[in-house]
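> Before I ask anything, let me first share the structure, which is written out below as structure tokens.
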Amino acid sequence: METLTGIKTRRSIRKFTEQKIEKEIIEQMIEAASYAPSWKNTQTTRYIVLSNEEKKKQIADECVMDFAWNQKTIYGAPVLVVVTTVNQRSGYERDGSFSTSKGTHWQSFDAGIATQTFCLAAHESGLGTVVMGIYDEEKVKEVLELPDSLSVSALVAVGYPDQQPEVPERKSVEDLITFVE
Ligand SMILES: Cc1cc2nc3c(=O)[nH]c(=O)nc-3n(C[C@H](O)[C@H](O)[C@H](O)COP(=O)(O)O)c2cc1C
-18 METLTGIKTR RSIRKFTEQK IEKEIIEQMI EAASYAPSWK NTQTTRYIVL SNEEKKKQIA
42 DECVMDFAWN QKTIYGAPVL VVVTTVNQRS GYERDGSFST SKGTHWQSFD AGIATQTFCL
102 AAHESGLGTV VMGIYDEEKV KEVLELPDSL SVSALVAVGY PDQQPEVPER KSVEDLITFV
162 E
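This note's numbering applies: residue -18 is where the sequence shown begins, and numbers increase by one.
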């Protein structure tokens, strides 16, 4: 798929068919995401790929702050990817101090770029995704027994789309841009 077409036709998908996803396809998406830029090429994003029904149900039931939309999306998704990031590397100097006044911000920034790259690669393979930010980080860490060295940056439901949502309205370029000449 041509890059711009992929960017413009990707939609958040919240309803999936029951078709399973081959592990190799998920690996291809993560390989694509590994090409995303990151702070000093630190590459701190890690992906936990859940297809286990019990674990997914536990995340839906206990970890999304009872937000019904996310619960329904996760119940119906064949795969839930928990995007995590290794702490204290992105945006840090070797001595452990912050490189900029934005502190820990760069870790999430890197995860965001990697996650969008992952979603675009999924779209290229005919898969749908939705990035979910409404979750309780501590509960997700508890359920997955994640170490303190990792943060949870996003949940992403993945599956073959069973809906074709309209494009949510976009702001005009005029509203977004400021040229300084
Ligand atoms: C950081 C972030 C958090 C989001 N959180 C949720 C969420 O918790 N649940 C959900 O259904 N969609 C969530 N979304 C998806 C947005 O609602 C969606 O991207 C937006 O409405 C634009 O639609 P589109 O992705 O189809 O272009 C999130 C997106 C981002 C980038």
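C-beta: ideal position from N, C-alpha, C; glycine also.
Can you say whether Pro59 is buried or exposed, counting buried as having 16 or more other CB atoms within 10 angstroms of its CB?
It counts as buried.
> Do Lys37 and Ile55 count as a contact pair if the criterion is CB distance below 8 Å?
Yes, these two residues count as a Cβ contact at 8 Å.
> Taking 8 Å as the threshold (C-beta atoms), are Val67 and Val133 in contact?
Not a contact, by the Cβ cut-off of 8 Å.
> For Met113, count neighbouring C-beta atoms within 10 Å of its own C-beta (all shown protein chains included) and say buried if the count is 16 or more, exposed if not.
Met113 should be labelled buried.
> From Pro146, Gly107 and Val137, pick the residue whose C-alpha is nearest to that of Gly(-13); which is it?
Residue Gly107 is the option with its Cα nearest to Gly(-13).
> Under the three-state reduction of DSSP, which class applies to Ala138: helix, strand or coil?
Correct three-state label for Ala138: strand.
> Mapping the DSSP letters down to three states, classify Leu108 as helix, strand or coil.
Looking at Leu108 - three-state DSSP - the assignment turns out to be coil, as it is neither helix nor strand.
> Could you check whether the segment 17 to 29 touches the segment 138 to 153, counting it as contact only if at least three pairs of C-beta atoms, one from each stretch, sit closer than 8 Å?
Contact between the segment 17 to 29 and the segment 138 to 153 is absent, because fewer than three Cβ pairs lie under 8 Å.
> Based on Cα-Cα distance, which residue from Val124, Ser82 and Phe(-3) lies nearest to Asp143?
When only C-alpha atoms are compared, the closest one is Phe(-3).
> Using the rule of at least 16 other Cβ atoms within 10 Å of the residue's Cβ for burial, across every protein chain shown, is Ile158 buried or exposed?
Burial call: exposed.
> Which runs of the beta strand (DSSP E) fall wholly inside the segment 5 to 71 and span at least 3 residues, in chain order?
Entirely contained in the segment 5 to 71, the beta strand (DSSP E) runs reaching 3 residues are, in chain order, 26 to 31 and 60 to 67.
> If Ile115 sits next to Val45, beta carbons under 8 Å apart, how far is it from one beta carbon to the other, in whole angstroms?
Their Cβ separation, rounded to whole angstroms, is 6 Å, which keeps Ile115 and Val45 in contact under 8 Å.
> Opposite Tyr116 in the DSSP bridges: which residues?
Paired residue(s): none; Tyr116 is not in a bridge.
> To the nearest angstrom, how far is it from the Cα of Asp129 to the Cα of Gln0?
Rounded to whole angstroms, Asp129 to Gln0 spans 35 Å at the Cα level.
> Which of the three DSSP states, helix, strand or coil, is assigned to Ser(-7)?
Here Ser(-7) sits in strand by DSSP.
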